[in-house]
Structure formats: C-alpha cells, structure tokens
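Protein chains in written order, with the UniProt record's numbering: chain F, 1 to 478; chain R, 1 to 478. Down below is the structure, laid out as structure tokens.
2 protein chains.
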Amino acid sequence: MAKNQKLVEQITSMEDDFAQWYTDIVKKAELVDYSSVRGCVIFRPYAYAIWENIQSTLDKKFKETGHENVYMPMLIPENLLQKEKDHVEGFAPEVAWVTQGGNEQLTERLCVRPTSETLFCEHYAKIVQSYKDLPKLYNQWCSVVRWEKTTRPFLRTTEFLWQEGHTIHATKEEAEEETIRMLNVYADVCENLLAIPVVKGRKTEKEKFAGAEATYTIESLMHDGKALQSGTSHFFGQNFAKAFGIQFSDKTGKLEYVNQTSWGMTTRIIGAVIMVHGDDEGLKLPPRVAPIQVVIVPIAQHKEGVIDKATELKDKISKIARVKLDISDKMPGWKFSEYEMKGVPIRLEVGPKDIEKNQVVLVRRDTREKIFVSMDELETKIPELLEDIHNSMYEAAKKAREEKTSSAKTMDEFKDIVENKTGFVKAMWCGDRSCEDKIKEDTGATSRCIPFEQEEVSDTCVCCGKKATKMVYWGRAY
Amino acid sequence: MAKNQKLVEQITSMEDDFAQWYTDIVKKAELVDYSSVRGCVIFRPYAYAIWENIQSTLDKKFKETGHENVYMPMLIPENLLQKEKDHVEGFAPEVAWVTQGGNEQLTERLCVRPTSETLFCEHYAKIVQSYKDLPKLYNQWCSVVRWEKTTRPFLRTTEFLWQEGHTIHATKEEAEEETIRMLNVYADVCENLLAIPVVKGRKTEKEKFAGAEATYTIESLMHDGKALQSGTSHFFGQNFAKAFGIQFSDKTGKLEYVNQTSWGMTTRIIGAVIMVHGDDEGLKLPPRVAPIQVVIVPIAQHKEGVIDKATELKDKISKIARVKLDISDKMPGWKFSEYEMKGVPIRLEVGPKDIEKNQVVLVRRDTREKIFVSMDELETKIPELLEDIHNSMYEAAKKAREEKTSSAKTMDEFKDIVENKTGFVKAMWCGDRSCEDKIKEDTGATSRCIPFEQEEVSDTCVCCGKKATKMVYWGRAY
C-alpha cells in the first residue's frame, strides 16, 4: 500500500474524528467546494451526478404514480407566507428576505422559498372547481433556502436541492393513502437505490412539520450512531385548504375543502450515503447510484497493446454499466486510491500479463476482494458483481444498524446507550410532550419516530413510569 | 364546427391582436398561471413537460460533447458580482437583493443570481492549477432572476428557467471553437426538435453580453414579424480570468490565464414555439417536443367495445409514441378543440363504425388533414406521420420567415419594411455604433446579428452611405 500512502494519509480516520473524516471525504472525493456564500456549497460534477441518479429514479417513480412536474416562483410575498399561522411561525425565523429589486426598495418583502406550500395552495385555489378536477398530484424540483446558523455540506446548508410534492384530494382517506404511498417510495429508493435500510414511522406532535396534521418519516442510522431523517411525507388535512380557500363542489354540488399532502427528499440524503457506507479509504458508493460503476486502470499502459485492449474493454462494458477508462499519466497505485476515495464499486485492472491470459482483475470496493475473470465473461460477471455489491452493502448497513439498536426500560439504561453504545434507542413513551422534552434535556436524544412496526419493550413510559401508549425510536440526530 | 364554438370563440384572432392571442393561448392551453409574485409565472404541467423535453435533449447533447453538470449557490455576495467591471454594470440595475436573513440584517447584500459567471470564476480559480486540469466544461440547470419592469409569460419574466454553460480552456482557439460548437447545438435543437429555423451570427458590440469579447446568437422570426433571440454563446477571452485570477501553468511551467466561454438557452424558447407555429385554434406543437404526440378520442364511447378498443390502441401506440386516451365525459367535439388548443400533433378518432372496418381516423393538427388508416398499420403510419408533421412544420416556418425577410438599400426602404411588411431586414452597415443607434431611433429595429452567411446587398451603409463592412439582420424584437 506504500504507493497509495500520499492520498490516504490525508484522510482523518473515522474512529479518531468522525466529523473531520466526513469533511475530508466531501472535499477529497471532489463532492463539494465551499463558496464565499454563507452556508452554501458548490455541488461539483461528481456529487451532482449522484444527485442526478437519485433524481431520475425518484422522478420515474413519481410519474409512474401519476404525478406531474410543475415550477413555482422562488420568491414568496410576505403576506402569502403568513396565511397559515403555524406554517409562518415555523418558517419565518429562518428565511432570507429580498427587500430591494434593481434600485427600488420593495413595498412588501419577498422571501426566498424555504418550501412552497403557500404557492401551491394559491394556485390550487384558482384551478380547482369540481370533484372532477381532483386529485391534483404535482411535484417540483428546485432549491430552497433556510437561514441556518451552523452548516455542514449536504447535511445542513443554507441552500439545498430537493423535490417537493404537493397534492390535493377529495377525501381524507385518499390524502392519507397518498402520504403513505410517497413515504414508501422514499423507503424504496433508500433501500433499493442507496442500499440504506430505514425505519418508517410517524413523527411526534413536537417533531412534526409546521402546519401539518401528521408527519411521516424514514429514519436511517449513520456509522457514528447518529440518526438522520431521510425523507418526510406530511398529511395536512384541511388546514391549508381552509387558510387558502381551496374548495370544490362534490358530486352532489356541495362545496367541500380539499385534503392535502406534501413530501420531500433532499440532497441531504447524499450525506447519508457517505456516512452509512464510507470507510477510511473514502467514499463507498452503492452501484445503482454510482456515477462510475467500473473504472478501468491499465497496468504498464506504455506497453504495446495495453491501451488498445483497455479501450476495447471499455467499449464493451459501456453497454452494460457506467464505465470510465483512466489513461492519465498518474501511477496505477495513485489511481487505485483516487477511485477508492471516490467509492467506485468495481476497479478493473488490465496489464500485459492479463492480456496474455485473456483475463482481467476485478477489485470490489466494498470488500476489497480480488477476482480474476476471463475477458469473455465480463458481460455477465460485471452485472452480477454489481448486484452482489448492492446486496452486500445493504446487508452490512442493516447489520450495523441492528448492532446499534438497543432497548431501554429505564432512564439509566437509556442514558448508557446514548452515551456509550450510541445508535437507536427503542423505548416506551406515555405520549406526553413533557417526557419527550425531559429525555432530550437529559440525554440529547430526540424522538426519531413512532415506528409502524410496534414492539412492547415494557408497559410503562421510560421517563415518567406511567402507562405507555407507544414504542418510540429515539436517538441523537443530524 | 358548431360543437367547438365555445372554446374557440374565447381566443382572440392572431391577425386582430397578436399580443392578446398570445396571452389567450398561454392561459387556455394551460401553459402558465399568473402568481401573486411580481412578474413571475407558474409553469403548469403542460408547459413544464415541454421544458423537460427541451432539457433532456439539450442535456444529452451537452454530455455527448463532454460537459458535466454542477450546481452553484443561487445567492451572490455583492463584492463578488463587482469583480468584473462591465459585468456588474450590465447586471446590477436589474437584480433582486437579499438584505435580511432570518431576523438579522446582513452586513453585505446578496443578489439572487441573474447569471453565474462570477461564481464559476471563483470556483475555477480554486480548482485549476495545471494545463492538465483543462478544459473544464461545466453546465448548470437552474432559475435566475432579473428585475424586469414589464413582463410577459416565457418571453420576459422576473424569474426564468435556463441552463448556463461555463467553460475554461488553455487557448483562445479552443474557447472560440467551444463558443461556436454550443451555438450549433442550440441551432440544431431549434431546427430538429422545435422545427424553428434560425439565423446564426454574431452580435454587434452594442448588443453583446456584459463582459464578453464576442456574443454569438441564433435569431428566429415570429409570426408577427418580430425577431426573438433564441440562444446565445459568449466568448470572454481572458476578461474574467484576469478579474478573478484563473491561472494555470502551461507545459513549460509558465503561468497563463484561461480563456473562457458561457452559453445559455432559456424557457423563453417556449414563447418562440408558440409564436412561430401557433394559429387561431391554439398551440401547434412540433411532434418531437410535444408532451402528447397522439391523443385518442373515442366516438360514441358509451357503446359496447369502444373504450376497450381505444385502450387496446393506446397500449399499442404507447410503445412508439407519447399517447393519451381521453375517456372523460366531455363531448368529442369539445375534446377536439381542447387538444387542438393544446397543439397535439395527431388526433386519433375511433368509433363503432371504425371498429367494424378495422380502421381509425388520424387528424393532423398542422394541416387538419384527415387520414383513414387500418388498425394493423398504426405502428408504421404514426411514426411516419409524426416525422412528416415535423418536416412540414419546419418548412412552413422557413417559408414564412423567407417571405418576411427583405433587403433594404436605403433608409426609406428600411422604414417601409419595418412598418408595413415587418420581419427581418437585411441591410449593409459601416460598423459604427452611431448608425446602429440612429436606425433604432428612426425605426425601432435593432441589429439582430451579423450573420455568418454574408451577402452583399450593396456596398454602402444603409444609414450613413459610407463604405459598408458587414451585412446585418435587423428587426424589431421581443
């Protein structure tokens, strides 16, 4: 490994300092660059390509489930933001305000959208008249701005990229179904695209979205034992509909308010990919989302026939996988660590001796296993291997999460887990806000969700000892 | 046509009032809705789907020519915007300023990006060291804000969607090649996706982009005889590189400044599609960009077997074209005018009598021609017909443009064309700004471009009579 030393030694070990390890990776894997703009990062080509893959997978699923894309303005007049009371209270403290346009001082401030419920509502109120106009299933791809005090690439930035779905329905039941349907889409994308297992559940009243009746969430667990909210889906009931007057005449001609949902997934999920899968060599990308699935590194590329053969292999593989051939003048060892840092799932080495034997060497990024494969079998072996890497990475992440998921029956057990073992704590809760507050104060852990899959850890609240109503996942979180 | 009357009578005739006709179409074809946000429109699903088709075609071409997508922050600190003198002078008067974040007053104003040269430059200065790092070929999909006084949907809005390419190169020649390459990509998309013929050329000094050494443009001609700038590509030389210190060491180790380009196409092009192809029945979409290429309208759909057969045809056609089946309870005549308004290229009618004869009726939106086709031949006939519609629309647009392109040797001729015939005026120019200003003052026409394909209309400047250096396309413009 001496050849790789230079690159590798620049990364902090994850066990020594997880936060610094994360910062090193986002920089060295060329995911982001810091800008001179407060709290905003630049998504470099490699990170943006990951986002494009997430985007196209989600977008396809949205369209398959009947959704249409639209685009709303990025600026929201202050009076519009104020129409729904809980919503403005939740967001006003963290928005950026435009107060000047050209050389004129505006008579009304405009906020840069932190989320677009208000704009969708205003539009829906205009275009919906009859039950025949329902449902409206809209989605929007855009960036939003929230004036954060402390920021970290992907995890919390002043501006981030996301999609926001906003739908309206004739009945409460339909809207509730939609809320769960989209939560399941997110869970599916986490598990089947990103190889990240998630816990599905409902947020407590304290943790729900500003203006929602219910917020559903998928929660994932990072390598350092902290949780990350990975996607949310909100049921609004008629809260916004009443504030904005979104009414329709039903089959009998009676005027009714619509029932509404919204749901979003953000570039924050890239942070989860880094922190669930990465190691001390760098990023480790799940194959289905990796911008480069196979990197070809020629060995002794100056020798006759090597680059020709590598190019031939590249052309062949490009039909079945996203492949890159690196014929730059760097040493192979240097290239090895560069693509390990970038988390490319498979490295293909081919040199004069391999060519003689009509074989190549495949090296898995996840297990570092080396496999010798005949050149004639590449078209079947590579897809199989990519599939296997996805499954192994998912299983490894699931195992890690299970090892870091513990049950607590008492506050002592609870504190011990949070401080020493870290990870998810499953514990019973009476349902009172005061216990939720006290747990946070005493341990730093917040309620992550009330999982759909309930277990009876005990029959009393871990905090107050009164009768428990629900089992809750708790944890320190990003 | 009596059945269609209700919808059709709501549209102003284009000959009576072209501006009102345009406004009617964007509303009735459900392209946009007005928002309560000053000068911003909502891109409704149908308009956004058109944009998605333009986007995916452009994006594919960008990637094929080696470009990578990135994402830069939407906010630019004032001092960064000011680094290139001409650039800030051009843009500062029309930007929106963020002055408050959360509850705090910012110490430095941030502008909402009107364009992102400055951010790309700041980033490039950090990531480029050696000639080996060049070229960098980046593109970004986003929205930008320009504080416009008067706005019209697509054509001029406070916020619009676009892509902005920003590239840096080791040599002037490479950068110039890139500038022309991307102009050609735009021309190709206009002609082959949107069926809009364009004139390629260079902008005069007066009309070029703020901070550029040269701006190239594609210009198209609308039905009312006004020109529309449809895409631009800028060569910056080393202007920005010097302002931002973007240097690299060349092969000999000498420090050099990079040469730079930028190029953009915007949602304004949707306005061109409307105004080049539309008619008094509404929108007329070129097949390759149409979100719905074939709409199936069942006749007497309550009769047994009609909806089944229509569904069967839909499934079949969905393999070769974007198809929609409308089984809503509206009258067929109402559906006819609705999809004519929406510019769907082919309407397929199928009723009990057609089913008996194993045939359908295809109606072209462009020529209104009716064609009877056997159900067994649909898979070959529909793609052929879509192809033919594209070609016919392109030829019709080209013919219309040629009829509205005239040469002028004197200012009297020039004025007569602009006022009575309208359209492009080809006229010679001495190269002096004063003549360009005078022509605008006297006629309202601006120089659209100095076309690559030069002709010698005469040998003297149409304005001052001095020796001419170039033939220029002039016209009133959007």
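Where a beta carbon is used, it is the ideal one built from N, C-alpha and C, also for glycine.
Beta-carbon proximity check, residue i vs residue j, cutoff 8 Å
i, j, result
"alanine 310 of chain R", "isoleucine 382 of chain R", "no"
"leucine 80 of chain R", "threonine 115 of chain R", "no"
"valine 128 of chain F", "isoleucine 168 of chain F", "yes"
"lysine 61 of chain R", "cysteine 449 of chain R", "no"
"arginine 368 of chain F", "valine 297 of chain F", "no"
"valine 360 of chain F", "valine 344 of chain F", "no"
"glycine 102 of chain R", "tryptophan 147 of chain F", "yes"
"glutamate 174 of chain R", "asparagine 239 of chain R", "no"
"leucine 221 of chain F", "alanine 212 of chain F", "no"
"phenylalanine 414 of chain R", "valine 462 of chain R", "yes"
"glycine 165 of chain R", "serine 56 of chain R", "no"
"isoleucine 269 of chain R", "glutamate 349 of chain R", "no"
"leucine 183 of chain R", "serine 233 of chain R", "yes"
"tryptophan 51 of chain R", "threonine 267 of chain R", "yes"
"phenylalanine 248 of chain F", "aspartate 416 of chain F", "no"
"lysine 27 of chain F", "glycine 282 of chain F", "no"
"glutamate 159 of chain F", "arginine 109 of chain F", "no"
"tryptophan 141 of chain R", "asparagine 69 of chain R", "yes"
"lysine 470 of chain F", "threonine 460 of chain F", "no"
Residue i, DSSP secondary structure in three states
i, result
"tyrosine 337 of chain F", "Correcting the residue type first, residue 337 of chain F is serine in the shown sequence and not tyrosine. Helix at serine 337 of chain F."
"tyrosine 46 of chain F", "helix"
"serine 13 of chain F", "coil"
"aspartate 437 of chain F", "helix"
"cysteine 18 of chain R", "The sequence shown places phenylalanine at residue 18 of chain R, not cysteine. Here phenylalanine 18 of chain R sits in helix by DSSP."
"glutamate 256 of chain R", "strand"
"glycine 271 of chain R", "helix"
"glutamine 301 of chain R", "coil"
"aspartate 59 of chain F", "helix"
"lysine 6 of chain F", "With a pLDDT of 49 at lysine 6 of chain F, under the threshold of 50, the modelled position of that residue is not reliable, and the figure given next carries that caveat. Of the three classes helix, strand and coil, the one that applies to lysine 6 of chain F here is helix, per DSSP."
"alanine 29 of chain R", "coil"
"methionine 471 of chain R", "strand"
"threonine 422 of chain R", "coil"
"leucine 155 of chain F", "coil"
"histidine 234 of chain R", "strand"
"histidine 277 of chain R", "helix"
"alanine 96 of chain R", "strand"
Residue-chain proximity (residue i, chain F), Cβ-Cβ < 8 Å
i, result
"glycine 102 of chain R", "yes"
"serine 406 of chain R", "no"
"aspartate 188 of chain R", "no"
"aspartate 315 of chain R", "no"
"phenylalanine 91 of chain R", "no"
"lysine 6 of chain R", "Residue confidence is low: lysine 6 of chain R scores 49 on pLDDT, short of 50, so the model does not pin down where it sits. No coordinate-derived value is stated."
"alanine 2 of chain R", "Per-residue confidence for alanine 2 of chain R stands at a pLDDT of 43, beneath the threshold of 50, marking its modelled position as unreliable; the derived number appears in the next sentence. It does not; no Cβ of chain F falls within 8 Å."
"lysine 161 of chain R", "Per the sequence shown, residue 161 of chain R should be read as leucine rather than lysine. Leucine 161 of chain R counts as touching chain F."
Beta carbon proximity, residue i to chain R, threshold 8 Å
i, result
"glutamate 441 of chain F", "no"
"glutamine 10 of chain F", "no"
"threonine 215 of chain F", "no"
"proline 135 of chain F", "no"
"glutamate 15 of chain F", "no"
"lysine 470 of chain F", "no"
"arginine 152 of chain F", "no"
"serine 318 of chain F", "no"
"valine 306 of chain F", "no"
"tyrosine 394 of chain F", "no"
"glutamate 94 of chain F", "yes"
For residue j and residue i, believed in contact at Cβ under 8 Å, the rounded distance
i, j, result
"serine 35 of chain R", "glutamate 122 of chain F", "7 Å"
"glycine 39 of chain F", "threonine 157 of chain F", "6 Å"
"alanine 49 of chain F", "proline 286 of chain F", "Wrong, their Cβ atoms sit about 14 Å apart, outside the cutoff."
"alanine 427 of chain R", "tryptophan 474 of chain R", "6 Å"
Please name the residues in the stretch 329-346 of chain R whose beta-carbon is closer than 8 Å to at least one beta-carbon of chain F, in chain order. none
Closer than 8 Å between beta carbons: that is the criterion. Which residues of the stretch 56-85 of chain F meet it against chain R? So the list reads Glu68, Asn69, Val70, Tyr71, Met72, Pro73, Met74, Leu75, Ile76, Pro77, Leu80, given in the order they occur along the chain.
Taking a Cβ distance cut-off of 8 Å, strictly less, list which residues of the stretch 117-133 of chain R are near chain F, in chain order. Leu119, Glu122, His123, Lys126, Ile127, Lys132
What residues in the stretch 28-41 of chain F have a beta carbon less than 7 Å from any beta carbon of chain R? Asp33, Ser35, Ser36, Val37, Cys40
In chain order, what residues of the stretch 360-388 of chain F put their CB closer than 8 Å to some CB of chain R? none
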